[in-house]
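Residue numbers (the working numbering): 6 to 153.
Below, the structure is given as structure tokens:
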């Protein structure tokens, strides 16, 4: 009888963990591009970050594959400083933010944007970096193509 109660208690403890894990969003759902627009020599990319998730400011990278589209580093707003649990602070975006990517005069084609973030609530999960291709020509894009 004691063994049955122990097994039942362990099973009861595991049920909430299993149901919470089923509620996790995939990275493309948790961090997604809401809008892009090109104004002058800048491409503005607005990201939506779902509640309970965060994008690491220091893990955002822009690449144009040598096409000469990007004139300099992306302009990123200040993020929120959060204790990383390892005695350091991390700058994170916890909700919508807009980045500005300076473009060259001859910019055409795609730019690759890589982001990385985490689910901040239990179960805490960090995602692998995710790369999305964004056209510098098709402004107003709301469902960018995943990089292949």
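Every residue, glycine too, gets a C-beta built ideally from N, C-alpha and C.
Treat the numbers as computed from the prediction; the structure is a model and nothing was measured.
In the structure shown, residue 59 adopts extended strand secondary structure according to DSSP, grouped into three states. Taking the Cα positions, residue 55 is about 28 Å away from residue 77.
According to DSSP, residue 47 shares a beta bridge with 44, 107. The beta carbon of residue 29 is closer than 8 Å to those of 124, 128, 130 in its chain, skipping five residues each way along the sequence. With the rule of 3 Cβ pairs closer than 8 Å, the region 31-39 does not count as touching the region 77-86. In this structure, the straight-line span from the alpha carbon of residue 73 to that of residue 108 is close to 9 Å.
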